[in-house]
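Asker: One structure follows; several queries about it will come next.
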Amino acid sequence: MNWDTVNRDFKRYLLLERGLAENSIEAYQNDVLKLQHYCELHEITIPQITTKELQNFLLWINEFSISTYSQARILSGIKTFFKFLQIEYDYESNPAELIEAPRIARKLPSVLSIEEIDQLIAAIDLSSPEGMRNKAILEILYGCGLRVSELCNLKRSNLFLDVEFIKVEGKGNKERLIPIGQQAIQYLKIYLNEVRVHTPVKAGNEDYVFLNRRGAALSRVMIYIIIKDLATKINLQKEISPHTFRHSFASHLVEGGADLRAVQDMLGHESITTTEIYTHIDKDYLQSVITQYHPRS
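When you line the sequence shown up against the UniProt record's numbering, it's residues 1 to 297, in that order.
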């Protein structure tokens, strides 16, 4: 049982059996590569990995000042790896099974106010084709709450603008329908009919909605750069990313009284617990509840 063969089979398992996206597969493989590096340094073969050795491995990665969150994620990847060994290699036991992940403090996500979102969108230079594209991107990120990977992979064949819905492929290749508002539809149509139609398209990219100037699908990095440049332009002091628009979408819906289950469906969360974090963001609302209902206020 050598690492190269096992790693190749693990990747195939994650792709075919688990149906994970390329980014998720890469993250799992990086976790296992760290374990492989540790084992090779200490001359430990895969069958020799015990619970004690895994505990030593976690102490080893802790020496590199890896955050608690990253350590928990690495352990999760290692546990998946040993489950794979049990399934595909008839591995007798899972040495990672009884190891507990470090406790993680639950961080509230950073969100933008409606005014900040309006300022970012207003800062876009609409005199260029890229500007019209970028306006459509931000309207959809905020208007539909997409992950950046879902936006990059959005297909023209999955736009149902006449009934105000789009279909996206989320984590684990799970598809979901999301409502799209009139403002996002308006600027998406302008981009499709007045900008994209004049963009030479690279072979294999015909169905992607958002293209770069060379006719290829936009990358996650490019969308991140677009947003960072706009934040600099308006001197926004918050650290933001494409995911900030997703957080803002969910937070503003919950603040407006939207049903949590509906928000869960639109975000594509498997667990309602993940969505519930947005109920803790609106401090003004929480203060008003205390003021209105607590007998001592």
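Glycine included, C-beta positions come from ideal geometry on N, C-alpha and C.
For the structure I just gave you, are there three or more beta carbon pairs, one from the segment 201 to 208 and one from the segment 151 to 169, closer than 8 Å?
Answerer: Enough Cβ pairs lie closer than 8 Å, so yes.
Asker: Can you tell me whether M1 is buried or exposed, with buried defined as 16 or more other CB within 10 angstroms of its CB?
Answerer: Residue mapping note: residue 1 aligns to position 1 of the sequence shown, counting from 1. When all chains shown are included, M1 counts as exposed.
Asker: Specify, as a first and last residue, the run of the beta strand (DSSP E) that I225 falls within.
Answerer: Here residue 225 refers to the residue found at position 225 when the sequence shown is read from its first residue. I225 -> not in any beta strand (DSSP E); alpha helix (DSSP H) instead, spanning R220 to K233.
Asker: With three or more C-beta pairs closer than 8 Å as the rule, is the segment 89 to 102 touching the segment 116 to 123?
Answerer: Contact fails: fewer than three Cβ-Cβ distances are below 8 Å.
Asker: In whole angstroms, give me the CA-to-CA distance for residue 362 and L85.
Answerer: Not covered by the structure: residue 362. The range shown for the chain is 1 to 297.
Asker: Less than 8 Å separating the beta-carbons of I148 and R213?
Answerer: Here residue 148 corresponds to residue number 148 of the sequence shown, with the count starting at 1. Here residue 213 corresponds to residue number 213 of the sequence shown, with the count starting at 1. Sequence check: residue 148 is Val here, not Ile. It is not a contact, given that the beta carbons lie outside the stated cut-off.
Asker: Ignore the nearest five residues each way along the sequence and tell me which others in A217's own chain have a CB closer than 8 Å to its CB.
Answerer: In the sequence shown, the residue the question calls residue 217 occupies position 217. Contacts found: C152, N153, N205, Y208, F210 and L211.
Asker: Where do the ends of the beta strand (DSSP E) carrying V168 lie?
Answerer: Counting from 1 along the sequence shown, the entry for residue 168 is found at position 168. Counting along the chain, the beta strand (DSSP E) containing V168 begins and ends at F165 to E169.
Asker: Assuming P95 contacts T50 under a Cβ cut-off of 8 Å, what Cβ separation, rounded to an integer in Å, is found between them?
Answerer: Here residue 95 refers to the residue found at position 95 when the sequence shown is read from its first residue. Here residue 50 refers to the residue found at position 50 when the sequence shown is read from its first residue. Contact holds; Cβ gap of about 5 Å.
Asker: Any chance the segment 223 to 238 sits against the segment 163 to 180, with 3 or more Cβ pairs inside 8 Å?
Answerer: No: fewer than three Cβ pairs fall under 8 Å.
Asker: Taking the alpha helix (DSSP H) that L75 belongs to, which residues open and close that run?
Answerer: Working through the sequence shown from its first residue, we reach residue 75 at position 75. Where L75 is concerned, the enclosing alpha helix (DSSP H) stretches over T68 to E88.
Asker: Measure the beta-carbon distance from H252 to I114 and round it to whole angstroms, keeping in mind my assumption that it falls under 8 Å.
Answerer: Translated into positions along the sequence shown, residue 252 becomes position 252. Translated into positions along the sequence shown, residue 114 becomes position 114. That pair is a contact at about 7 Å.
Asker: What's the call for E150, buried or exposed, on a 16-neighbour Cβ count within 10 Å?
Answerer: Translated into the one-based positions of the sequence shown, residue 150 becomes position 150. Answer is buried; the Cβ neighbour count reaches 16.
Asker: When the Cα atoms are used, what is the spatial distance from G257 to A250?
Answerer: Mapped onto the sequence shown, residue 257 falls at position 257. Mapped onto the sequence shown, residue 250 falls at position 250. Distance between the alpha carbons of G257 and A250: 11 Å.
Asker: Can you list the alpha helix (DSSP H) stretches of 4 or more residues lying completely in the segment 95 to 158, in chain order?
Answerer: Taking only runs of at least 4 residues, the alpha helix (DSSP H) segments lying wholly in the segment 95 to 158 are 114 to 122, 129 to 144 and 148 to 152.
Asker: Please look up how many angstroms separate the CB atoms of T275 and L260, rounded, as I've assumed it's under 8 Å.
Answerer: Counting from 1 along the sequence shown, the entry for residue 275 is found at position 275. Counting from 1 along the sequence shown, the entry for residue 260 is found at position 260. 6 Å between Cβ atoms; contact.
Asker: Checking 8 Å against the spacing of the C-beta atoms, do L54 and I78 come in under that value?
Answerer: Residue 54 sits at position 54 when you count from the first residue of the sequence shown. Residue 78 sits at position 78 when you count from the first residue of the sequence shown. Yes, the Cβ-Cβ distance between L54 and I78 is below 8 Å.
Asker: Taking only runs that begin and end inside the segment 177 to 216, name each unbroken alpha helix (DSSP H) of 4 or more residues, in chain order.
Answerer: Counting whole runs of 4 or more residues, the segment 177 to 216 contains the alpha helix (DSSP H) stretches 182 to 190.
Asker: Which of the three DSSP states is assigned to E175 in this structure?
Answerer: Here the question's residue 175 lines up with position 175 in the sequence shown. Here E175 sits in strand by DSSP.
Asker: Give me the DSSP bridge partner(s) of F160.
Answerer: Within the sequence shown, residue 160 is the residue found at index 160, counting from 1. F160 pairs with F165.
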